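Visitor: Following UniProt numbering, the numbering of the sequence shown begins with 1 at its first residue and continues without gaps.
Could you have a look at this structure, given as structure tokens, before my questions?
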Amino acid sequence: MALLIDMLDSSTVTAAQAFASHAVPAQFNAAQDAVIRDSFERTASSSSLFGLLIFFIIGFVITAVVFNMKGSKARRERRERWRNSPGWGATGLPVGGVPEDAPQVLSAEQLDAKRKDASAALIAADEAVRAAGQEVDFAVAAYGEEKVESFRASLDEACADLSAAFERQQLLDDDTPDSPQDQNAWLEEILQRTKRAIDTLQARADEFSQLRNVEHDAPQRIDELNAALMQLVGRLEQGQANLGGIEQEYTTSARERVDGVVKRATGRLEDLSAALNNARTAWGSGNQPSAALAIVQAETAQVDAEALVTRVETVKQRLATAQQELPQHIHQAEKDIDAARAMVDAGRSALQGPADRLDRVIKKIYSQMDAGPHDPIALTDELATAHDALSDPLGQAQSEDEKRAGAQARLDDLANRAAARIESVEDYVRANRNKVGSTTRTRLSEAQRFLNQAMDMRATDPVTAAQHADRALKLAEAAARNAEAETASRSDQDDPLESVYNIFNPTFSGSRNGVPRITFGYGYPNDNRRNSRRRRPY
């Protein structure tokens, strides 16, 4: 189906109207009849009230016209940004018009059905790309980057389409009203881009399977995965042992912070053990295809467990780092309070409220630090929320030099917090893949995209980079909230991916051993926890 484009521009409306003011004469002839005088005064009074009413009506009309013009301009800018976005017109999608037989406007029911289709398509494509990323990383470890280079290029191409699809979904989800034409066009592009992302991977699937040849190396892989299981179990046990006394050193909230990660890590290790048992049984009975499938499932569980165990191991270090950096954050916040209050004295009264609220939060934090054990990560988050509420209006009131200096001071903090939040949500998605829907995945993808942009321009434009990092943090926090809501609304038996993969593409012929069939295998990408915060936006 061709992509629908709204070619109708909102017309510009202008209005001008005048009214005559009425005044009571300053003097009356003394001989004028009192009745006539009284009648004139009543007439003048009524005329003045009528003029005032006309004035308000005209003001309302002009305000409505201006608001409509601004809204039309915003919609035009959004459509233009959509058409000129990366990949538009250069990747095979239609440009500059719609087919004659394409519907311009869908009914509310049709749009709702299309939204559901787009949501399912985003989940399916996201799972396929995550699986492909993991499979490519396994192949690199086994055969080297050179042999996998062309597959990596296909993966990057699919990632670009998926990221663009998530960007369109974010436009649909934001607070700016969209016309039915825009909604239809963006939904259509989501469907086309997600399909093309999967088709890109599917086109290389057979070739990649020949390279991977899991069945050929099955006995060796089973032994390697078993060794990895034993190592991860030992690391998790040691990590839990190292957490002893964390409640006394910090608070119970610090312990609760890691308990959920321990539970998810334990669950994935159990999945790894079960998959290995299935692989041994299948291989022993001569069922090589089933053994290969179980091995891929075990590899998926290994990647997930590795990430979760690492988080357990590093929680004390992250708490210690937060404790060490908290005074620096407080100092920067206090400097901004002083700057804001100086501007308040100069007439910037809007800064008074945010500055006072931040000051109260700092005093509360000092009080908790003096009282004894505390959770430095929670205190840092609380401080950051109050500080952000002041930083935005403060930045608008500052000079360009002041903005640049302030942005450079905030950029690293915002980027670190955004990266940590994204990583945390990624871990949550991996552990709850069957329950996490398209909303969480959209926010997560957009958070990574904005963080990537912030890292790209940090040296050349720190002000915009800080804004992007702040946007990434807010999107990651929204993803975390959505993830919890989505998982809470679905039971352990729910698996929305089953129906998605059965109907999304004929090549996905349903699940095997309870796992939906997807390109390049089953699972998620191994991001290798690179030092750089810049990662693929999926």
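We treat Cβ as the ideally placed atom computed from N, Cα and C, and that holds for glycine.
Source: prediction; values computed, not measured.
1) Is it buried or exposed, THR385, if we count other Cβ atoms within 10 angstroms and call 16 or more buried?
2) Quick one: measure Cβ to Cβ for ARG204 and VAL214, integer angstroms, because I've assumed they're closer than 8 Å.
3) Report yes or no: do the stretch 130 to 146 and the stretch 444 to 455 share at least 3 C-beta pairs separated by less than 8 Å?
4) Look at the alpha carbon of ALA415 and the alpha carbon of LEU473, and state the distance between them as a whole number of angstroms.
5) What number of angstroms, rounded off, separates the C-alpha of ASP413 from the C-alpha of ALA488?
6) For the alpha helix (DSSP H) that contains TRP376, what are its first and last residues?
7) What did DSSP end up calling ALA459 once you bin it into helix, strand or coil?
8) Do the CB positions of ALA131 and ALA197 come within less than 8 Å of each other?
9) What separation, rounded to the nearest whole angstrom, lies between the Cα atoms of ARG168 and GLU189?
10) What three-state label does DSSP hand ARG481 in the structure shown?
11) Which parts of the stretch 292 to 332 are runs of the alpha helix (DSSP H), unbroken and 4 residues or longer, counting only runs that do not cross its ends?
12) To the nearest angstrom, how far is the alpha carbon of ARG264 from that of SER290?
13) For VAL429 and ARG348, what's the separation of their Cα atoms in angstroms?
14) Measuring alpha carbon to alpha carbon, tell me which residue in ALA292, ASP345, ASP173 and ASP338 is nearest GLN210.
15) Let's see if you can read the secondary structure: which residues bound the alpha helix (DSSP H) around PRO354?
16) Give a yes or no on whether the C-beta atoms belonging to ILE330 and ILE365 are separated by under 8 Å.
17) Whole angstroms are fine: how far does the CA of LEU308 sit from the CA of ALA301?
18) Which two residues bound the contiguous alpha helix (DSSP H) that contains LYS263?
19) Out of ARG441, LEU411, LEU351 and ARG410, state which residue places its alpha-carbon closest to the alpha-carbon of VAL425.
20) Taking just the CA atoms, how far does ALA478 sit from ASP175?
Guide: Considering the structure as presented:
1) With fewer than 16 other Cβ atoms within 10 Å, it is exposed.
2) Contact between ARG204 and VAL214 is absent: CB atoms are separated by about 16 Å, not below the 8 Å threshold.
3) They do not touch, by the three-pair rule.
4) The straight-line gap from Cα to Cα measures roughly 8 Å.
5) A straight line joining the alpha-carbon of ASP413 with that of ALA488 spans about 31 Å.
6) The amino acid occupying residue 376 in the given sequence is Pro; Trp does not appear at that position. Note, PRO376: alpha helix (DSSP H), 376 to 397.
7) Collapsing the DSSP output to three states places ALA459 in coil.
8) No, these two residues do not count as a Cβ contact at 8 Å.
9) C-alpha separation (whole angstroms): 8 Å.
10) In the structure shown, ARG481 adopts helical secondary structure according to DSSP, grouped into three states.
11) Qualifying alpha helix (DSSP H) stretches: none in this window.
12) Roughly 26 Å between the two C-alpha positions.
13) If I take the Cα positions, the gap works out to 44 Å.
14) That would be ALA292, whose Cα lies nearest to the Cα of GLN210.
15) 352 to 371 is the extent of the alpha helix (DSSP H) around PRO354.
16) The answer is yes: Cβ separation under 8 Å.
17) Between ALA301 and LEU308, the C-alpha separation is close to 11 Å.
18) 252 to 284 is the span of the alpha helix (DSSP H), which, as asked, contains LYS263.
19) In terms of CA proximity to VAL425, ARG441 leads the group ARG441, LEU411, LEU351 and ARG410.
20) Cα-Cα distance, rounded: 14 Å.
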